[in-house]
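Residue numbers (our numbering): 2 to 270. Just below is one structure, and these are the notes that go with it.
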Ligand SMILES: [Zn+2]
């Protein structure tokens, strides 16, 4: 390794370390995992609201605001948002139903939930819809977006630091930037992404139980999805998520905890 490459790498590590320790450390609700994020709750709320408003404006007439499907989503989203609000009282929880065939739903930072009608063809009961909406709400509560931005910020600063060291040697810079970028892709983004998905499954399961839904239905739902997608491309919603087998196995592991939460809910109610 040449002196210049050494200098670049050392600089990159120093910048990454500085950024890392300047991030806010906190604990994820339910799982208790320690994480660092790049944005405050208020900033996430602001960002989510912007994207939510833009989404509603773009979808226009496809936004559904009445009828049986709307009532179902309202019922489930509001019950789950109430549970999410216990852990994230700063978020302004809102939801929208959009008339699209995609089997999909998402929750923006700050608690803005969007459900596509295509999901309602697959998640047929309130408990099953709560499985998916609970999972999506969990991404927001666990601040996975802000965590991702924090990690990307680390990568960007590392690349920027390396670029300073190679200002007069663009070819070398390309090599190091490529190395750092690939490392970040494989070493940071992908495994973390999967961890975030599993974490959302866990939190979502606990949330649906706290909201009074049957956590066993999460297993029924994912098994049904597994059968439905056999031999064909998985729906878009599933492609970034864990495989069905892993997912069902993990959910079974969290089920006793979820059932305890469900009993507590029933005693209070
Ligand atoms: Zn997810």
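All C-beta atoms, glycine included, are put in the ideal place defined by N, C-alpha and C. These numbers were taken from a predicted model, which means no experiment stands behind them.
- Message: Between 225, 62, 197, 201, which has its C-alpha nearest residue 126's C-alpha?
- Response: The residue given as residue 126 occupies position 125 in the chain shown. Closest option to residue 126, Cα to Cα, is 225.
- Query: Is there contact between the stretch 110-120 and the stretch 43-54, where contact requires at least three CB pairs shorter than 8 Å?
  - Reply: yes
- Query: ligand 1 heavy atoms versus the CB of residue 198: any closer than 6 Å?
  - Reply: Position 197 of the chain shown, counted from the first residue, corresponds to residue 198. Answer for residue 198: yes, Cβ within range of ligand 1.
- Assign residue 36 to one of two classes, buried (16 or more other C-beta atoms within 10 Å of its C-beta) or exposed (fewer than that). On the chain shown, position 35 is the one that residue 36 refers to. Counting Cβ neighbours within 10 Å, residue 36 comes out buried, since at least 16 surround it.
- Message: Does the contact criterion of 3 or more C-beta pairs under 8 Å hold for the stretch 211-229 versus the stretch 142-150?
- Response: no
- Query: Whose C-alpha, out of 245, 259, 223, is nearest the C-alpha of residue 214?
  - Reply: Taking the first residue of the chain shown as position 1, residue 214 is located at position 213. The option with the nearest alpha carbon to residue 214 is 259.
- Message: Let me make sure I understand the geometry here. Which of 142, 60, 124 has the alpha-carbon closest to that of residue 204?
- Response: In the chain shown, counting from the first residue as 1, residue 204 sits at position 203. Minimum Cα distance to residue 204 is reached at 142.
- Task: May I ask you to check if the CB of residue 201 is nearer than 6 Å to at least one heavy atom of ligand 2?
- Result: Only ligand 1 can be found as ligands here, which leaves ligand 2 out of the picture.
- Note down, in chain order, each residue of its chain lying with its Cβ closer than 7 Å to the Cβ of residue 94, except the 5 sequence neighbours on either side. In the chain shown, counting from the first residue as 1, residue 94 sits at position 93. Answer for residue 94: 82, 85, 86, 112, listed in chain order.
- Message: Rounded to the nearest angstrom, what separates residue 221 and residue 75 at their Cα positions?
- Response: Position 220 of the chain shown, counted from the first residue, corresponds to residue 221. Position 74 of the chain shown, counted from the first residue, corresponds to residue 75. About 22 Å.
- May I have a chain-ordered list of the beta strand (DSSP E) segments no shorter than 3 residues that lie completely inside the stretch 102-134? 106-109, 113-117
- Task: Classify residue 262 as helix, strand or coil using the three-state DSSP reduction.
- Result: Taking the chain shown and counting its residues from 1, one reaches residue 262 at position 261. Of the three classes helix, strand and coil, the one that applies to residue 262 here is helix, per DSSP.
- Message: With H, G and I counted as helix, E and B as strand and the rest as coil, what does DSSP make of residue 35?
- Response: Within the chain shown, residue 35 is the residue found at index 34, counting from 1. Residue 35 falls in the strand class under three-state DSSP.
- Task: Use the C-beta contact count for residue 146: other C-beta atoms within 10 angstroms, 16 or more gives buried, fewer gives exposed.
- Result: In the chain shown, residue 146 corresponds to position 145, counting from 1. Buried, because 16 or more other Cβ atoms sit within 10 Å of the Cβ of residue 146.
- Query: Which of the three DSSP states, helix, strand or coil, is assigned to residue 222?
  - Reply: Position 221 of the chain shown, counting from 1, holds the residue named residue 222. Reduced to three states, the DSSP call for residue 222 is helix.
- Task: Go through its chain and collect everything with a Cβ distance to residue 265's Cβ below 6 Å, but skip five positions before and after it.
- Result: For the purposes of this step, residue 265 is taken as residue 264 along the chain shown, with counting starting at 1. Excluding sequence neighbours, residue 265 sits near nothing in its chain.
- Reduced DSSP category for residue 270 - H, G, I as helix; E, B as strand; rest coil: What you label residue 270 is simply residue 269 of the chain shown in a count that begins at 1. Reduced to three states, the DSSP call for residue 270 is coil.
- Message: Rounding to the nearest angstrom, what Cα-Cα distance links residue 96 and residue 122 in this structure?
- Response: As a working mapping, residue 96 is identified with position 95 in the chain shown. As a working mapping, residue 122 is identified with position 121 in the chain shown. Taking the straight line joining both Cα atoms gives about 18 Å.
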